[in-house]
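Single-structure report; data block below.
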């Protein structure tokens, strides 16, 4: 994953709009990817995952897209709600290291009324 | 989903003292747990992998004598920050995977422990 130091990228979204959060991962051999949501002062909360043999997976109001060619993940949140305000991290699981997640830098999502 | 519980949620300690943080898997067994560290406005950084019944493996740059890890059972791992200093102040988070669910499944995270060293 990448580190951007003391500043998190911020995505400001109006309530009801769709959000798209992007993430670049580092290891082309990673075979499992997860999106987490982290609210202030809390641990990461699982949102959705995808394996490397897929390029799209849908959940409730969320969709994850995987582009292995350019090592890119995205998380789409439909009809963003105030409760979606949080920091979102993508995580990759390199092969042969089950559970050792490498996290991306994170994106702060701010939902405005 | 599976529940991972950390204790305490926050702790303030004096410089030079040691602090123990517990990570428990409440409704599943975990032979392996992971400890992460997170500074404000930053991402989670893996510190070490805790293995039940054997020594922990540490990531590069993490002092094993400073961050002692013990994984004595399938449901409990502890992280002890020894001789804590203000620069050790951080948010410590553990994770675990359900042994029974196999590979390719999500890790469950604890709620984190905010350590402040004064």
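Protein chains in written order, with our numbering: chain L, -9 to 103; chain G, 14 to 131. C-beta atoms are modelled at their ideal positions from N, C-alpha and C, and glycine is treated no differently. Keep in mind it's a predicted model, so treat the numbers as computed, not measured.
Indicate whether residue 128 of chain G and residue 24 of chain G have their beta-carbon atoms separated by less than 7 Å. yes
Might you give, ordered along the chain, the residues of its own chain that have their beta carbon closer than 7 Å to the beta carbon of residue 18 of chain L, omitting 5 neighbours on each side? 61
Within a Cβ cutoff of 7 Å, which residues of the same chain sit near residue 34 of chain G, ignoring the five residues on either side of it in sequence? 19, 91, 92, 105, 126
Taking C-alpha atoms, which residue in G:16, G:56, G:40, G:30 lies nearest to residue 97 of chain L? G:56
How about residue 86 of chain L: is its C-beta nearer than 7 Å to some C-beta of chain G? no
So residue 65 of chain G packs on residue 81 of chain G, CB below 8 Å; how close in whole Å? So it is not a contact: roughly 16 Å between Cβ atoms.
Look up residue 39 of chain L in the DSSP assignment and give the residues it is bridged to. L:24
Rounded to a whole number of angstroms, what is the C-alpha to C-alpha distance between residue 122 of chain G and residue 54 of chain G? 18 Å
When burial is assigned at 16 or more other CB atoms within 10 Å of the CB, is residue 70 of chain L buried or exposed? buried
Taking just the CA atoms, how far does residue 55 of chain L sit from residue 46 of chain L? 5 Å
Checking the sheet assignment: what are the DSSP bridge partners for residue 98 of chain G? According to DSSP, residue 98 of chain G bridges with nothing at all.
Rounded C-alpha distance that separates residue 52 of chain L from residue 64 of chain L: 10 Å
Count the other C-beta atoms from every protein chain shown that fall within 10 angstroms of the C-beta of residue 73 of chain G, then say buried if there are 16 or more, exposed otherwise. exposed
Run through chain L and tell me which residues come within less than 8 Å of residue 124 of chain G, C-beta to C-beta. At a C-beta separation below 8 Å, residue 124 of chain G has these neighbours in chain L: 32, 33.
Which stretch, first to last residue, makes up the beta strand (DSSP E) that contains residue 55 of chain G? Where residue 55 of chain G is concerned, there is no enclosing beta strand (DSSP E), given that its DSSP letter is neither H nor E.
So residue 108 of chain G and residue 46 of chain G are in contact, right, with Cβ under 8 Å, and what is the actual spacing, rounded? 7 Å
Decide yes or no for the touch test of the region 9 to 16 of chain L against the region 86 to 95 of chain L: beta carbon pairs closer than 8 Å, at least 3 of them. The region 9 to 16 of chain L is in contact with the region 86 to 95 of chain L.
Please tell me whether residue 45 of chain L has its Cβ less than 7 Å away from any Cβ of chain G. no
Give the interface partners of residue 95 of chain L over in chain G, defined as CB-CB distance under 7 Å, in chain order. Among the residues of chain G, those whose CB is under 7 Å from the CB of residue 95 of chain L are 56, following chain order.
Could you check the C-alpha separation between residue 42 of chain G and residue 49 of chain L for me, to the nearest Å? 27 Å
Flag this pair as yes or no: are the beta carbons of residue 94 of chain G and residue 32 of chain G separated by less than 7 Å? yes
Taking only beta-carbon positions, decide if residue 24 of chain L is within less than 7 Å of chain G. yes
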